[in-house]
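Below you'll find the structure, written out as structure tokens, and then a few comments.
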Amino acid sequence: MDLGFDSYSYYPALRTRQAELKGLEMLRLDRKRHMLPLLTLGRWPKATDFGRSLEKAAESMEGLPFIVDLTDDGRHLPVEHKTLRDGSGHFKAWRDLTSQFEAAIPVVQMGGNARRRDVAQQARAIEAKVGKVAFRIRDFKQDTDVVVGALNSLDDILNAIVFVDCQYIRASFAAYHAATVSTIDTLRNEFPQLYIVILGTSFPMSALDFADSSKTHGTIDIAERALHSQIGGDAVAGYGDYGSIHSVVYDDATIMRWVPRIDYPRELEWIFERRNSDQPAQGYVECAKALLEVEPDIGSRDIWGEDMIRLAASGTPHAKAPASWISVRVNIHLSKQVDLSQYLAANSAAPSDTEDQD
294 MDLGFDSYSY YPALRTRQAE LKGLEMLRLD RKRHMLPLLT LGRWPKATDF GRSLEKAAES
354 MEGLPFIVDL TDDGRHLPVE HKTLRDGSGH FKAWRDLTSQ FEAAIPVVQM GGNARRRDVA
414 QQARAIEAKV GKVAFRIRDF KQDTDVVVGA LNSLDDILNA IVFVDCQYIR ASFAAYHAAT
474 VSTIDTLRNE FPQLYIVILG TSFPMSALDF ADSSKTHGTI DIAERALHSQ IGGDAVAGYG
534 DYGSIHSVVY DDATIMRWVP RIDYPRELEW IFERRNSDQP AQGYVECAKA LLEVEPDIGS
594 RDIWGEDMIR LAASGTPHAK APASWISVRV NIHLSKQVDL SQYLAANSAA PSDTEDQD
């Protein structure tokens, strides 16, 4: 695979859930060309293996390159999950699965009781087969040591990309900042030319905590942009986030009472409108109208998610349940962040200088 990791401006991490992939699927192709997403495979509805999930991931990228990882939640197809995390044959089962799509760049699997030698040999095998290889650091101490060992086994360090994944950063911003800097320093001291991406999310489990006294609207800052900027921006590492999704998703959780809510991503914050309504359709109409009063330019940027908000404001919402509106949020967020990332790269500006950019 002939690509340079530093030729992209944005590296979002998404799961292969229908709502998230819909947001990615509906992204304009020219925007997709400027991003290299990390797509984590989970169980696709009614599927009996992870192949269907991988197929959907590839379809959403329309033939463009993407990085593919495997969920660390063993409850997703437990038998196959265990097989894919098995180090036998240098993780042969994982490599065989991901080789079905030439555009897929596998993340080196490090879970379970895998030996460091098997991890390193897996990385070498992926590099030899695909030409590129990805790593994901979640445990800053344990994973970093394993990744350094595997990187030392590669033929060319420029064939590797490492995601330093902070996961949910809002609760302990200062701690994640310090840990990320330390991890990057460790990697850079060993491999000065290594391409590194900072990954994390500050999207909360509940937006209600950020609502005003009326509980109908609120604002949430995008802290992952602040983290990336404070660490040194693109001069130090690429920018990635979770596409406006919380780091933990409880797919098996009992459906609780919900109220209509529409989130609108800006470049450096999310704003939202929510309504306590027994009529979901009307609630979404009211939310959309309120957002248009604040952001009258919604629908002018050729963004599918914005078009869905404007459609709802006209009285005909495209959906009457939360999942479809997650797709809208993800789509707008990806569009805004890839546009912002390109702007920053072209102008060498800090995010705080671009609050008014569209």
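Under the numbering used here, think of the first position of the sequence shown as 294, with each following residue one higher.
Backbone N, C-alpha and C define an ideal beta-carbon position, used for all residues, glycine too.
Asked: Per-residue DSSP class, three states only, for F283; Found: Missing from the structure shown is residue 283; the chain here goes from 294 to 651 and no further.
Asked: Cβ pair R417, L447 closer than 8 Å; Found: yes
Asked: 8 Å CB neighbourhood of N406 in its chain, flanking five on each side removed; Found: G380
Asked: Test item: CB-CB of V631 and G598 under 8 Å; Found: no
Asked: For T494, the residue or residues it bridges with in DSSP; Found: Y461
Asked: DSSP three-state assignment for G531, whether helix, strand or coil; Found: strand
Asked: 4 or more residues per run - each alpha helix (DSSP H) lying fully within the region 388 to 436; Found: 409 to 423
Asked: Proximity to Q311 [Cα-Cα], best of S499, V623, G511; Found: V623
Asked: Cβ contact (3+ pairs, closer than 8 Å) linking the region 609 to 619 and the region 506 to 521; Found: no
Asked: Limits of the unbroken alpha helix (DSSP H) element including W618; Found: 615 to 640
Asked: Test item: CB-CB of D366 and L334 under 8 Å; Found: no
Asked: Strand pairing of D595, partner residues [DSSP]; Found: DSSP, once it has assigned bridges, lists no residue as partnering D595.
Asked: Length at least 3, wholly inside the region 539 to 588: the beta strand (DSSP E) runs in chain order; Found: 554 to 558, 562 to 567
Asked: Per-residue DSSP class, three states only, for L317; Found: helix
Asked: D600, buried or exposed, once every other Cβ within 10 Å from all chains shown has been counted against 16; Found: buried
Asked: C-alpha distance - L627 paired with D478, whole-angstrom precision; Found: 29 Å
Asked: A413, buried or exposed, once every other Cβ within 10 Å from all chains shown has been counted against 16; Found: buried
Asked: Residues bridged to R308 (per DSSP); Found: T333
Asked: Whole-angstrom distance between Q393 and K425, CA atom to CA atom; Found: 15 Å
Asked: Span of the beta strand (DSSP E), counted from its first residue to its last, around D449; Found: Looking at the DSSP string, D449 is not in any beta strand (DSSP E), and its letter there is neither H nor E.
Asked: One or two residues paired with G511 in a DSSP bridge; Found: A504, F565
Asked: Residues sharing a beta bridge with V455, DSSP; Found: F428, I489
Asked: Which listed residue (D502, H327, G525, V441) has its alpha carbon closest to that of K629; Found: H327
Asked: Inter-residue CB distance, L637 and D502 (contact presumed, cutoff 8 Å); Found: Contact flag wrong, Cβ pair sits at about 29 Å.
Asked: Burial state of N452 (16 or more Cβ within 10 Å); Found: buried
Asked: The region 383 to 402 touching the region 351 to 360, judged by at least three CB pairs closer than 8 Å; Found: yes
Asked: V578 to M498 span [Cα, whole Å]; Found: 24 Å
Asked: Three-state class that DSSP yields for Y303 in the structure shown; Found: strand
Asked: Proximal residues to M294 (C-beta, below 6 Å), its chain only, five neighbours per side dropped; Found: V423, G424, K425
Asked: Contacts around Y304, its chain only, beta-carbon distance under 6 Å, and the 5 residues preceding and following it disregarded; Found: L329, V490, G531, G533
Asked: Segment contact flag, the region 601 to 610 with the region 569 to 584, C-beta cutoff 8 Å, min 3 pairs; Found: yes
Asked: Start and end residues, alpha helix (DSSP H) containing P371; Found: 371 to 377
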